[in-house]
Every structure is written in C-alpha cells, then in structure tokens.
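Asker:
Spelled out as structure tokens, the structure:
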C-alpha cells in the first residue's frame, strides 16, 4: 500500500499542472454549486419570512382614480371609500368574507404623559388589523369589538413610543392615561412590528377616530379576511364581483382597475411561490451544469493521463504486473485528486456562504413606507454540500475507471508500440 501512495505522489509531482487543472475543475464545480444555492436560499428564506408576517387570506382595498368614463361621468375622478363600502363588504359576500375591517389615517399627533411627549401617527383600526398587518401584540390587549361599538377612548401604543413616554418614570404603560390634544386615552396594549418602519402609529378604535376627529363616514382603506378562496382563479373571480359591488356604490366601471387598488396577499403569495420555484430550479440547473463541467474536466484529464501512460502500463504488464493492480492504481489516484480538491471547494463554498450570512444575512430594503427583508440566511445544508462532493468524487472515479479498463486490456506488445 505504501508503494502505491509513493507512486501516486511521484506521478502527481511529475504532472503538477495537469493535477492542478484537474483539481481546479473539481473544486470550482463544488464551490459554485454551494455559493449559488446559498445565494438562492437567501432570497427564498427572505420571501418565506416576509410571507409569514401577514395572514395569507387577507385582502386590502385602496381607493384610486377612475381611468374610464362611466354613466355620464368623466374619467379622472377620485374614489373615496366610506362606511357603506364596509357594510357592502361585510354583508354581500357571506361565502367568502370572514370579517371586514377598515382603517383611517388621522395624521401626525403629539401624545403626552406628564412632561414627556412623542410625535407619532394616529390611525383608527378594527380588531382584524393585527391579523392582516405585520404588527404583533407585545403586552396587554388589542382593539376589540366592544371598543368599536362603544367608541371607547382606548389606545394601543408602539413599544418604542411607550419607551419614550414611560421609561424615565419607570411607569408600567398598561392602564395609564395619555393625552392627544384635549382628549385622554387609556393605554390598553403595546405592539411591536417586524418589517414595517415609518412613524410607528398609535392605534385607536376606528369608530372613535371617526367621531372625535370629524371624519364623517370616510375611511382610508378596507381590510378583508377571506375564506373558500383557494386558487388564483377563485380570487380573481371574487375581485371582479367585488369591483362590481363597489362600482355600483361609487358609479365607476367595474372593469376599471384603476378605480380600486386591490392587494391580495394570497394571489401575491402564489405568484411569488412560482417565481421562487423558477429561481430554485434555475439555480440547481446552473449549479448542476457547473458540477458537470467539473466532471467533464476530470474525465478529459483522466483520458489524457491514461493515454500518456499506456506505454508504462505495457511495461508493467510485461514485467508481470496484474491488470487489477494497474487499474487500482489509477482509481486511487483519481479518488485522491477529486476528494482533496472536492473538499477544498466545499470548504471554500461554505466559507463564502457564511461570509454572506455574516455580511448580508439580514439585508433589509427600505421602500420609504415600510421595510422588507430581501436577503436572509444565505446558507446551504451541510448534507447537500457533502452529497455534491461525493457525487463529484464518484464521477471522477468512474472517469478514471473506464479509460483505465480499456488501457489495461491492451496486450503488452501493443501497449509498448503506443506513442
């Protein structure tokens, strides 16, 4: 066995360039496969986390501007959503709507507690707001149906707002009273968010805001929790019927998509899933072809190696060497080269993915109104890395096996005549 190792070392030493090129093809194939999979996983993980922050069965409806003339009215009219739209949403689609809600934006206000104050946005919301948006209840409770019905003066503050108002006095926020202008609100809950930035608004019951701030029956946008809509086609049909119902209320063409902007989390999720599937397939295809290029490189080098050593094999056979020993020599050499450089490529690839994770592993994009994670945990399962390396080792072994079998099957006299 020692003789074999010495002979392999001697062969590699005599053919440094050839060995390096063979090893580089192996290492590069493994390295690129792992890096591509890592980068793709970073995008896919970010998408999955972003999708998990909101209810998939949620729809938000925003007002727009008409782009078509209809019923004697010109295009270019601004649509203003109102309480009648909320009632239509809640009562006209019992087979598809679990609960309808709405939000109304008051703007920036000053909240004070004692000598401390903070300027934040103020919004009126329904109880389903916490299910559809990315906010999470941190402490206390959220707005409930009784708050809506009785127009209670209760408020849910963002955690950071509560820190500004209560931190210096070490006061427990829940149950305390804060002032907004001449109106006093009791703090019933604290919320936190994941993904949204901006003003971190304070939240009060929708009906309370409409009453106190003279908003009439106007609202900023509608929110819907849906049921029995499990395909893109079913969601598209529901959206058409919904546009028709609200179009009758506001007198706009039901086919005018500009009059209402509908953000459907479920259809967006399915479309993004298709995009992620295409991305995942594309990465694997590129990675596999990169791996194949390494296999082809190993195969070509081994073919050349065997051809160059055909005369040597003839001399060995003439001196009494068995074909099996010659074959074993070539296989071991092939396994050593592919294993060594495959391991180097695997370690380098994992090292780059870990660097990407440390540097860009929680990359966030600020859109101005909110932030969203676009790159998260770009790492590769170690099992996949090992499997890819073993695949290349086996391929390298086979690449050396077939030409070697052909070479050792040649009679010694023919091998000695080889150039």
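In our numbering, the protein residues as written are 636 to 1054.
Backbone N, C-alpha and C fix where the C-beta goes; we use that ideal spot for every residue, glycine too.
Please read these numbers as outputs of a predicted model, since none were measured by experiment.
May I ask you to report which of helix, strand or coil DSSP gives residue 879?
Answerer: Residue mapping note: residue 879 aligns to position 244 of the chain shown, counting from 1. Three-state DSSP puts residue 879 in a helix.
Asker: In the DSSP assignment, the beta strand (DSSP E) including residue 739 goes from what residue to what residue?
Answerer: Stepping through the chain shown from its first residue, residue 739 is reached at position 104. Where residue 739 is concerned, the enclosing beta strand (DSSP E) stretches over 732-748.
Asker: Below 8 Å on the Cβ atoms is my contact criterion, and I expect residue 896 with residue 699 to pass it. Report the Cβ-Cβ distance as a whole number of Å.
Answerer: Looking up residue 896 in the chain shown gives position 261. Looking up residue 699 in the chain shown gives position 64. In this structure residue 896 is in contact with residue 699, their Cβ atoms being roughly 5 Å apart against a cut-off of 8 Å.
Asker: Could you have a look at residue 795 and say whether DSSP puts it in helix, strand or coil?
Answerer: As a working mapping, residue 795 is identified with position 160 in the chain shown. Three-state DSSP puts residue 795 in a helix.
Asker: Check the Cβ-Cβ distances between residue 664 and every residue of chain C, and say whether any is below 8 Å.
Answerer: Note that chain C does not occur in the displayed structure, where there is just one protein chain.
Asker: Run the CB neighbour count on residue 648, radius 10 Å, all protein chains shown included, and call it buried at 16 or more, exposed below.
Answerer: Position 13 of the chain shown, counting from 1, holds the residue named residue 648. In this structure residue 648 is exposed. Its beta-carbon is surrounded by fewer than 16 other beta-carbon atoms within 10 angstroms.
Asker: Among the candidates 669, 800, 760 and 673, whose CA atom is the shortest distance from the CA of residue 745?
Answerer: Taking the first residue of the chain shown as 1, we reach residue 745 at position 110. That would be 800, whose Cα lies nearest to the Cα of residue 745.
Asker: Are the CB atoms of residue 664 and residue 918 nearer to each other than 8 Å?
Answerer: Start at 1 with the first residue of the chain shown, and residue 664 comes out as number 29. Start at 1 with the first residue of the chain shown, and residue 918 comes out as number 283. Not closer than 8 Å, so no.
Asker: Among 840, 728 and 811, whose alpha-carbon lies nearest the alpha-carbon of residue 759?
Answerer: Translated into positions along the chain shown, residue 759 becomes position 124. The shortest Cα separation from residue 759 among 840, 728 and 811 belongs to 840.
Asker: Return helix, strand or coil for residue 831, following the three-state DSSP convention.
Answerer: Counting from 1 along the chain shown, the entry for residue 831 is found at position 196. For residue 831, the predicted structure reports a pLDDT of 46, less than 50, and the residue's modelled location is therefore unreliable. A value from the coordinates is still provided. Coil, per DSSP.
Asker: Expressed to the nearest angstrom, what Euclidean distance is found between the alpha-carbon atoms of residue 790 and residue 907?
Answerer: As a working note, residue 790 is residue 155 in the chain shown. As a working note, residue 907 is residue 272 in the chain shown. Those two C-alpha atoms are separated by around 36 Å.
Asker: What are the start and end residues of the beta strand (DSSP E) that includes residue 755?
Answerer: As a working note, residue 755 is residue 120 in the chain shown. In the DSSP assignment, residue 755 falls within the unbroken beta strand (DSSP E) covering 751-760.
Asker: By Cβ distance, which residues of its chain are closer than 8 Å to residue 969, with the 5 residues on each side in sequence left out?
Answerer: Numbered from its first residue, the chain shown carries residue 969 at position 334. The residues are 933, 937, 1031, 1032, 1034, 1035 and 1036.
Asker: Could you give the DSSP three-state label for residue 775: helix, strand or coil?
Answerer: The residue labelled residue 775 in the question sits at position 140 within the chain shown. Residue 775 sits in a strand when the DSSP states are folded into three classes.
Asker: How about the region 861-879 and the region 710-721: do they share at least three Cβ pairs that are nearer than 8 Å?
Answerer: no
Asker: With a CB to CB cut of under 7 Å and the five nearest residues on each side skipped, what residues in its chain are close to residue 981?
Answerer: For the purposes of this step, residue 981 is identified with residue 346 of the chain shown, where counting begins at 1. So the list reads 665, 669, 1020 and 1024, once near-sequence residues are dropped.
Asker: Can you tell which of 695, 807 and 684 has its C-alpha closest to the C-alpha of residue 854?
Answerer: Translated into the one-based positions of the chain shown, residue 854 becomes position 219. Among 695, 807 and 684, the Cα nearest to that of residue 854 belongs to 695.
Asker: How big is the Cα-Cα spacing for residue 900 and residue 661?
Answerer: What you label residue 900 is simply residue 265 of the chain shown in a count that begins at 1. What you label residue 661 is simply residue 26 of the chain shown in a count that begins at 1. So the alpha carbons of these two residues sit roughly 44 Å apart.
Asker: Rounded to whole angstroms, what's the CA-CA distance from residue 844 to residue 704? Just pull it up for me.
Answerer: One-based indexing of the chain shown puts residue 844 at position 209. One-based indexing of the chain shown puts residue 704 at position 69. One C-alpha to the other measures close to 34 Å.
Asker: Buried or exposed for residue 764, going by 16 or more other Cβ atoms inside 10 Å?
Answerer: Mapped onto the chain shown, residue 764 falls at position 129. So residue 764 counts as buried.
Asker: What is the rounded straight-line gap between the Cα of residue 832 and the Cα of residue 967?
Answerer: Start at 1 with the first residue of the chain shown, and residue 832 comes out as number 197. Start at 1 with the first residue of the chain shown, and residue 967 comes out as number 332. At residue 832 the pLDDT is 48, less than 50, meaning the model places this residue with poor confidence and gives no usable figure here.
Asker: What is the DSSP secondary structure of residue 1015, reduced to helix, strand or coil?
Answerer: Indexing the chain shown from 1 puts residue 1015 at position 380. The answer is coil: DSSP assigns residue 1015 none of H, G, I, E or B.
Asker: By how many angstroms is the C-alpha of residue 651 removed from the C-alpha of residue 956?
Answerer: Locating residue 956 in the chain shown gives position 321, counting from the first residue. Locating residue 651 in the chain shown gives position 16, counting from the first residue. Answer to the nearest angstrom: the Cα atoms are 26 Å apart.
Asker: Buried or exposed: where does residue 692 fall if 16 or more other Cβ atoms within 10 Å of its Cβ makes it buried?
Answerer: Position 57 of the chain shown, counted from the start, is the residue given in the question as residue 692. Buried, by the Cβ-count rule.
Asker: In whole angstroms, give me the CA-to-CA distance for residue 655 and residue 994.
Answerer: Within the chain shown, residue 655 is the residue found at index 20, counting from 1. Within the chain shown, residue 994 is the residue found at index 359, counting from 1. Their Cα atoms are separated by approximately 31 Å.
Asker: Give the C-beta separation of residue 794 and residue 817 to the nearest angstrom, bearing in mind that I take them to be a contact with Cβ-Cβ under 8 Å.
Answerer: What you label residue 794 is simply residue 159 of the chain shown in a count that begins at 1. What you label residue 817 is simply residue 182 of the chain shown in a count that begins at 1. Between residue 817 and residue 794 the Cβ distance is about 26 Å, and since that is not below 8 Å, they are no contact.
Asker: State the start and end residues of the unbroken alpha helix (DSSP H) segment that holds residue 812.
Answerer: Stepping through the chain shown from its first residue, residue 812 is reached at position 177. Note, residue 812: premise wrong, no alpha helix (DSSP H); beta strand (DSSP E) at 812-815.
Asker: Hey, out of 958, 885 and 952, whose CA is closest to residue 713's CA?
Answerer: Locating residue 713 in the chain shown gives position 78, where the first residue counts as 1. Checked all of 958, 885 and 952; the closest Cα to residue 713 is 885.
Asker: Give me the Cα-Cα distance between residue 684 and residue 814, rounded to the nearest whole angstrom.
Answerer: Within the chain shown, residue 684 is the residue found at index 49, counting from 1. Within the chain shown, residue 814 is the residue found at index 179, counting from 1. Whole-angstrom Cα-Cα distance: 37 Å.
Asker: Could you please give me the residues that DSSP links to residue 698 through a beta bridge?
Answerer: Along the chain shown, read from residue 1 onward, the residue named residue 698 stands at position 63. Looking at the DSSP assignment, residue 698 forms a beta bridge with 895.
Asker: Rounded to the nearest angstrom, how far is the Cβ of residue 962 from that of residue 1043, given a contact under 8 Å?
Answerer: Here residue 962 corresponds to residue number 327 of the chain shown, with the count starting at 1. Here residue 1043 corresponds to residue number 408 of the chain shown, with the count starting at 1. Indeed they touch by this definition, with Cβ atoms about 5 Å apart.
Asker: With DSSP run on the structure shown, which of helix, strand or coil describes residue 664?
Answerer: Here residue 664 corresponds to residue number 29 of the chain shown, with the count starting at 1. Correct three-state label for residue 664: helix.
Asker: How big is the Cα-Cα spacing for residue 658 and residue 673?
Answerer: Here residue 658 refers to the residue found at position 23 when the chain shown is read from its first residue. Here residue 673 refers to the residue found at position 38 when the chain shown is read from its first residue. When rounded, the distance between both Cα atoms is 22 Å.
Asker: Based on the DSSP secondary-structure assignment, which residues constitute the bridge partners of residue 788?
Answerer: Counting from one through the chain shown, the residue named residue 788 turns up at place 153. Bridge partners of residue 788: none, in fact.
Asker: Taking the beta carbon of residue 952 as the centre, do at least 16 other beta carbons fall within 10 Å, making it buried, or is it exposed?
Answerer: Walking along the chain shown from the start, residue 952 turns up at place 317. Buried.
Asker: Can residue 737 and residue 792 be called in contact, C-beta distance under 8 Å?
Answerer: Residue 737 sits at position 102 when you count from the first residue of the chain shown. Residue 792 sits at position 157 when you count from the first residue of the chain shown. Between residue 737 and residue 792, the gap from beta carbon to beta carbon reaches 8 Å or more.
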